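Chains as they are written, first to last, in this note's numbering: chain A, 1 to 318; chain B, 319 to 636. These notes are about the structure you will find just below.
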């Protein structure tokens, strides 16, 4: 593992991911100093109060100035603008590594690259980790442990810089994989973006029914629905940007999903029990692979404990 | 709470739900004797070995004979045939309560009612509880705690029998709600059946991609996909029967889901960021209701712990 220590790490954006990087980097002794900037003064204040950053700034160039590692932890849609702002202020240090944590990669590479001066190493990245919670208070040092981080360096990226950033993520607890931005966007479209879209969608479909009310959806959600609501609780701005910036792959995967769903729908309509049974059996196999790979727990029902006190509400009868 | 004790409880089918009822009823002192029958001799043997049933039988009439509570815990599709078999053997005791645990209610009421003799009280039921695991080994006494059980008695059901069955479920730890079979099927279509169908579907869509392989789907599943795989690991036979027997409500909800998804897809295609943001924000509210109602945990990421040792596999680049 290469040396993974940086003298000054600048976090541009201090939400769930930025603050978790700060906690994990500090714990692993990877940072001389950690500084950051955020869109609102309240977030900067919270990050300072919680000891997430040593110094907090109102603007990205102030945080980035003098940093040897700059991590863009903003929504995907503004990464290009932030890089431009830092560059125009002349705040990129020679030899610095610039990376990001965005959930799409082709668009970010396209948006950010024009604003990276010679002698600065831009290596786009994406830790596949997160929770449904947002903000600097939500971060914790263990977030990246045993999760994968994908780096998508372009062919002219400096090999030493890539090795150092790879080592940095490994010290945070992650496994690192290198792939092209385009392949990343395809993989994430199916493993993350379309699942989120579907989850947002079914929650809204449930919310608009006339003959089943919200209280009933809530009370009887343990039948499966609640599993979808966890990821549907994720940050709306982040996700808007993901879909607008990975349009091609998302629309392709969504087309396949809808095609497959239409076939299932047809099998239900025409009582094709054998088809249903076969397709449902196939789906079990992949679940087993995920558990064996340590990417989920096999505790029944995710190991949820029975909780206290549901509300009492009367449903309509129809 | 009425007296909820039975002298002989017969479980027809001893899988996750049947065995959990046995554990919970025994713990609460609700049963003189618990007996059961299962489709295979191996399941009967396991249930006896684990102390789930006091007596095990090869056929439903043998188990049902002399029981004052008979619970059909088989897949939905065979409930009618099982009731017929018990009735034709003359094995229903006068005054007995017959119930079931199936995930659809109208079809079961239609299928079972013709085979219930006078003096036997058939009250269809559905505990909204479960895990992705199957079989007698999967059962546990706490499964029903703080979960809802829906009973769908018809208008001519005996009030005392309904009160006793309600008390039984309350002693197992559940909250009980009474509604019509038709309303039940509508509520469950959106809170359980369509979510399962979508989960099965996306897992299969992911499995059929040419340019993203299964190992990649598994490795990067922490981005959201894995949440869907838990419910897609559920028993295929049970779910085939659910869809074939709740066709009308499932197809209606699926139509709405697809309509809403098409609108989201269109918003992505035409860069309608405000529409996406608004719809994603709406979805958060319902999640909060589910947590407040004690039907899910607000531990980030369901409180999953980082687990050990993922496989190493090389992905294709494209």
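Don't be surprised by glycine CBs; every beta carbon is placed ideally from N, CA and C. Fair warning: this is a prediction, and the values are worked out from it, not measured in the lab.
At a CB-CB cut-off below 7 Å, which residues of chain B make contact with residue 281 of chain A? 554
Does chain B have any CB closer than 8 Å to the CB of residue 162 of chain A? False, the Cβ-Cβ gap to chain B never drops below 8 Å.
8 Å is my cut-off, CB to CB: does residue 85 of chain A come that close to chain B? no
Near residue 34 of chain A, which residues of its chain fall below 6 Å by C-beta distance, leaving aside the five closest residues on each side in sequence? 9, 22, 53 and 54
Tell me, to the nearest whole angstrom, how far the beta carbon of residue 84 of chain A is from that of residue 587 of chain B; I am working on the premise that it is less than 8 Å. Not confirmed; about 27 Å, so no contact.
Counting pairs of beta carbons, one from the segment 489 to 499 of chain B and one from the segment 412 to 421 of chain B, are three or more of them closer than 8 Å? no
For residue 494 of chain B, which beta-bridge partners are listed by DSSP? According to DSSP, residue 494 of chain B bridges with B:467.
Could you tell me which of B:321, B:450 and B:396 sits nearest to residue 227 of chain A, measuring between CA atoms? With distances taken between Cα atoms, residue 227 of chain A lies closest to B:450.
At 7 Å on the CB atoms, spell out the chain B contacts of residue 264 of chain A, in chain order. 515 and 519, listed in chain order.
Which residue wins for smallest C-alpha separation from residue 416 of chain B, given the options B:448, B:610, B:441 and B:519? B:441
Please list, in chain order, the residues of the segment 492 to 505 of chain B that have any C-beta partner in chain A closer than 8 Å. Within the segment 492 to 505 of chain B, contact with chain A at the beta-carbon level (separation under 8 Å) is assigned to 493, 495, 497, 498, 500, 501, 504 and 505.
Nearest candidate by alpha-carbon position, reference residue 509 of chain B, set A:200, A:219, A:182 and A:189: A:219
If we call anything under 8 Å between Cβ atoms a contact, is residue 71 of chain A one with residue 12 of chain A? Yes, they are a contact pair.
Given a threshold of 16 other Cβ atoms within 10 Å of its Cβ, counted over all protein chains shown, does residue 29 of chain A qualify as buried or as exposed? exposed
Need the endpoints of the alpha helix (DSSP H) that residue 546 of chain B sits in, please. 543 to 550
For the beta strand (DSSP E) that contains residue 390 of chain B, what are its first and last residues? 387 to 390
By Cβ distance below 8 Å, which residues in the same chain neighbour residue 207 of chain A in space, the five residues on each side in sequence not counted? 214 and 217
Compute the Euclidean distance between the alpha carbons of residue 529 of chain B and residue 287 of chain A, then round it to the nearest angstrom. If you draw a straight line from the Cα of residue 529 of chain B to the Cα of residue 287 of chain A, it comes to about 20 Å.
Return the CA-CA distance between residue 543 of chain B and residue 189 of chain A, expressed in angstroms with no decimal places. 10 Å
Can you list the residues of chain B that residue 132 of chain A reaches, using a CB-CB cut of under 7 Å? 618
Contact list for the segment 242 to 253 of chain A against chain B, Cβ threshold 8 Å: Residues are counted here when their Cβ sits less than 8 Å from a Cβ of chain B; for the segment 242 to 253 of chain A these are 243, 244, 247, 250, 251 and 253, given in chain order.
Inspect the beta-carbon positions of residue 356 of chain B and residue 332 of chain B and report whether they are closer than 8 Å. yes
Cβ shell of residue 553 of chain B (< 7 Å), same chain only, five flanking positions each side left out: 452
Establish whether the CB of residue 128 of chain A and some CB of chain B are separated by less than 8 Å. yes
Going by Cα to Cα distance, which pick from B:454, B:386 and B:379 is closest to residue 365 of chain B? B:454
For a contact defined as C-beta to C-beta under 7 Å, what are the partners of residue 608 of chain B on chain A? 218, 221, 226 and 229
Opposite residue 280 of chain A in the DSSP bridges: which residues? Residue 280 of chain A is not bridged to any residue.
Let me check one thing: in DSSP terms, what residues is residue 57 of chain A bridge-paired to? A:37.
Would you list the one or two residues that DSSP bridges to residue 9 of chain A? A:34 and A:69
What are the complete beta strand (DSSP E) segments, minimum 3 residues, inside the segment 414 to 438 of chain B? 415 to 418
Whole-angstrom C-beta distance between residue 470 of chain B and residue 499 of chain B, which should lie under 8 Å: Rounded to the nearest angstrom, the Cβ distance from residue 499 of chain B to residue 470 of chain B is 4 Å, consistent with a contact under 8 Å.
Pull the bridge partners of residue 126 of chain A from the DSSP assignment, please. A:150
Do residue 618 of chain B and residue 141 of chain A have their CB atoms nearer than 8 Å? no
Return the residue from the list A:293, A:77, A:193 and A:261 that minimises the CA-CA distance to residue 231 of chain A. A:193
Indicate whether at least one CB of chain A lies closer than 8 Å to the CB of residue 351 of chain B. no
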